[in-house]
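Quick note on this note's numbering: the sequence shown kicks off at 168 and runs consecutively.
Beta carbons are placed, not taken as given, at the ideal position from N, Cα and C, and that holds for glycine.
From a predicted model like this one, the values you see are computed outputs, not experimental measurements.
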Amino acid sequence: MTATFTVPAQRSTMLVRRRITAYFLGGVEEIPGLVSALARRAGAVHELSVDIRDGVRESNLVCAVLLPGDEIDPMLDWLRELPAVVSAELA
């Protein structure tokens with residue numbers, strides 16, 4: 168008699184540290200909303216830096232997040248849908 172076992176498919180629980188860059192409109196007023204939205208979606212936000220310049224239409228925000236590897240692309244897609252965000256990508 169042979170026994171067979173199947174292992175149920177599991178989502179990866181290994182967290183991957185990724186640096187992301189989001190280009191956004193609205194200047195300094197948008198920063199609290201973007202950071203809190205990222206924190207709600209990705210948990211902790213690390214190494215946050217923001218670059219806002221006079222006379223430049225878009226600002227950028229760079230940070231590191233910890234997510235399961237299979238959630239990075241959906242998170243970037245979600246970030247791109249925020250009203251102030253022009254684009255988002257891995258840094």
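Roughly how many angstroms lie between the CA atoms of L205 and E197, to the nearest whole one? As a first step, residue 205 must be located in the sequence shown, where it is residue number 38. As a first step, residue 197 must be located in the sequence shown, where it is residue number 30. The straight-line gap from Cα to Cα measures roughly 12 Å.
Burial state of S254 (16 or more Cβ within 10 Å): Indexing the sequence shown from 1 puts residue 254 at position 87. The residue in question, S254, is exposed, as its Cβ has fewer than 16 Cβ neighbours within 10 Å.
Run of the beta strand (DSSP E) containing V202, from where it starts to where it stops: Here residue 202 corresponds to residue number 35 of the sequence shown, with the count starting at 1. Here V202 belongs to no beta strand (DSSP E); instead the alpha helix (DSSP H) covers 198-209.
Considering only C-alpha positions, which residue in the set A211, V212, V195 is nearest to D218? Translated into positions along the sequence shown, residue 218 becomes position 51. Answer by Cα proximity: V195.
From E214, E256, P235, L246, residue whose alpha carbon lies closest to that of M181: For the purposes of this step, residue 181 is taken as residue 14 along the sequence shown, with counting starting at 1. Cα-wise, what sits closest to M181 is P235.
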